[in-house]
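The structure under discussion appears below in the form of structure tokens.
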Amino acid sequence: MTFAANTMNVPSARLPFATHHDGRFKGNHILSVSQFSLEDLAYIFDVAEEFRLIVRRIGIMDLLKGHVLATLFYEPSTRTSSSFIAAIQRLGGTVVPISEVRYSSVSKGESLPDTIRTLESYADVIVLRHHEVGAAALAAKYARKPIINAGDGIGEHPTQALLDLFTILQERGKIDGLIITMLGDLKNGRTVHSLAKLLSLFKVKINYVSPDALKMPADLKSLLQEKGVQQAEYSDLHPVLGDTDVLYVTRIQQERFEDPREYEHLKDSYVITPEVLQGAKSEMAIMHPLPRVGEISMDVDDDPRAAYFRQMEYGLYVRMALLALVLGKA
Ligand code: ASP
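In terms of this note's numbering, the sequence shown opens at residue 865 and continues consecutively.
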């Protein structure tokens, strides 16, 4: 069986769109993937690719020297928070990290607008994760500095979707024509919400595989339908696995369940093992936004199709690009 090569060491694929640089990202918030055009994506990915090569060769640069990032996380995070911190540091900037809001004035009852006003007095850009849908948009209303949405409840996770798309491009060399299968908690998973919206800019087919109770929200499916995206729903992976080019696995989002018994009932709905993958294409990419809690067996990690660890590295370069762009330095 032949597998797709790990493409991390070869020049990356590019989106076939003329790129531009008119500074239109400068000072902008990043709140939803809906704000991006194909040209924007091509430009972001070109910058990310440039940073990938520089980081590999040199490690650090001083493009954002003198700039300060504030990270404000009301929900847990490993990859998003640490990759943004690494991103600003690799670009020569510094960071004010607030990842334990219970030790900040938030626990004294400070409002989100006031916390944002505080941080923007010290920093040039703010990365915000919050448990409420629309929190980043609310913060942006009050902010004079760019707000980057790092996840708002079950709403969106735009920077994750950008790095997911960059990963698909790197792993599969193109986006158009692919069959993408999203698996797991499609109701509560903000990463699949953002990724599906972003994929609607391309000619792809999306399969949704989930338990009945965790289906992709109807409004999102209608939105994609209006844009002409071919979509199909299943409760079992088996019928679609053989045709799938990208298998995007998600965690059942325990923290979104009101009834813990319902979570217990659904948590082991799907487990990807080497046996399950026997019917899959040899060049299929397996992705996961992480953390995984059992839905991909560790026995899959050595399979060259397992792209989820490369995916998190790509996140560093995409987030470096976003910081440089909103600060007008790319
Ligand atoms: N890390 C991703 C997020 O923040 C995925 C997850 O938590 O399951 O949405």
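Here a beta-carbon is modelled for each residue, glycine too, at the ideal position from N, C-alpha and C. Model, not experiment: these values are computed from the prediction.
Three-state secondary structure assigned by DSSP to residue i
i     : result
D978  : helix
L1191 : coil
V919  : helix
L879  : coil
P961  : strand
V1073 : strand
N870  : The predicted position of N870 is uncertain, since its pLDDT is 39 and thus under 50; no value can be drawn from it.
I1032 : helix
K1117 : The amino acid at residue 1117 is misidentified as Lys; the sequence shows Gln. Three-state DSSP puts Q1117 in coil, outside helix and strand.
I1136 : strand
G1179 : helix
I1011 : strand
L928  : coil
F900  : coil
T852  : Past the boundaries of the shown model lies residue 852; the chain is included only from 865 to 1194, so the question cannot be answered.
D1163 : helix
M865  : Confidence at M865 is low in this model, with a pLDDT of 31, below 50, so its placement is unreliable and the value that follows should be read with caution. Three-state result, M865: coil.
V989  : strand
L1111 : strand
T942  : coil
I908  : helix
M1151 : strand
E914  : helix
E1126 : helix
L1186 : helix
Near ligand 1: residue i beta-carbon under 7 Å from a heavy atom
i     : result
P1075 : no
L1042 : no
Q1117 : yes
R921  : no
G1158 : no
P1022 : no
N1081 : Before going further, note that residue 1081 is Pro rather than Asn in the sequence given. P1081 Cβ: outside cutoff for every heavy atom of ligand 1.
P1153 : yes
G1195 : This structure does not reach residue 1195, given that the chain is present from 865 up to 1194, and the question cannot be answered.
T1114 : yes
T935  : no
G1179 : no
T1055 : yes
G1192 : no
T1031 : no
T982  : no
G1015 : yes
T1108 : no
C-beta neighbour in chain D for residue i, strict 8 Å
i     : result
M1080 : This model lacks chain D altogether; it includes just one protein chain.
When the options are compared against residue i, the one with the closest alpha-carbon
i     : options                    : result
S1227 : K1193, I1039, V1140, L1027 : Beyond the ends of the chain as shown, which are 865 and 1194, falls residue 1227; an answer cannot be given.
A877  : L1047, R981, I1039, L927   : I1039
G1158 : P977, K1069, V1113         : V1113
I1032 : E914, K1091, F1066         : F1066
G1019 : A1007, K1051, L1105        : K1051
Q899  : E1090, S941, G1037, S1064  : S1064
G891  : P1153, A1004, V970         : A1004
A1025 : I894, T1055, Y1134         : T1055
R1174 : V1073, I1070, R916         : R916
N1071 : I1043, A1082, L1141, E1128 : I1043
G1041 : Q1094, D910, P940          : Q1094
V965  : I952, P940, S946, I949     : P940
P1103 : K1091, L1047, A1007        : L1047
V1140 : Y1127, R1125, D1163, F1121 : D1163
Rounded distance between the beta-carbons of residue j and residue i, thought under 8 Å
i     : j     : result
D1109 : M1151 : At roughly 11 Å, the Cβ-Cβ gap does not stay under 8 Å, so D1109 and M1151 are not in contact.
V1190 : F889  : 6 Å
V959  : L927  : Going by Cβ atoms, the distance from V959 to L927 rounds to 15 Å, so no, they are not a contact pair.
P1022 : S901  : Not really, about 14 Å apart at Cβ, beyond 8 Å.
I1136 : S1161 : 6 Å
K1079 : E1097 : 7 Å
V911  : A1082 : The pair is not a contact, with the Cβ atoms about 36 Å apart (cut-off 8 Å).
I924  : T935  : Contact doesn't hold; Cβ gap of about 19 Å is too wide.
Pair within 8 Å by beta-carbon distance, residue i and residue j
i     : j     : result
R981  : F937  : no
G1009 : V991  : The question names Gly, but residue 1009 is Lys in the sequence shown. Not in contact: K1009 and V991 (Cβ atoms no closer than 8 Å).
A1060 : L1105 : no
L1130 : I1116 : yes
M1176 : L1154 : yes
G887  : K929  : no
I894  : N1013 : yes
G973  : H995  : no
D1167 : P1138 : yes
T1045 : L1111 : yes
S1074 : D1049 : yes
G1179 : R943  : yes
L1062 : L1084 : no
S969  : T979  : yes
E1035 : A906  : no
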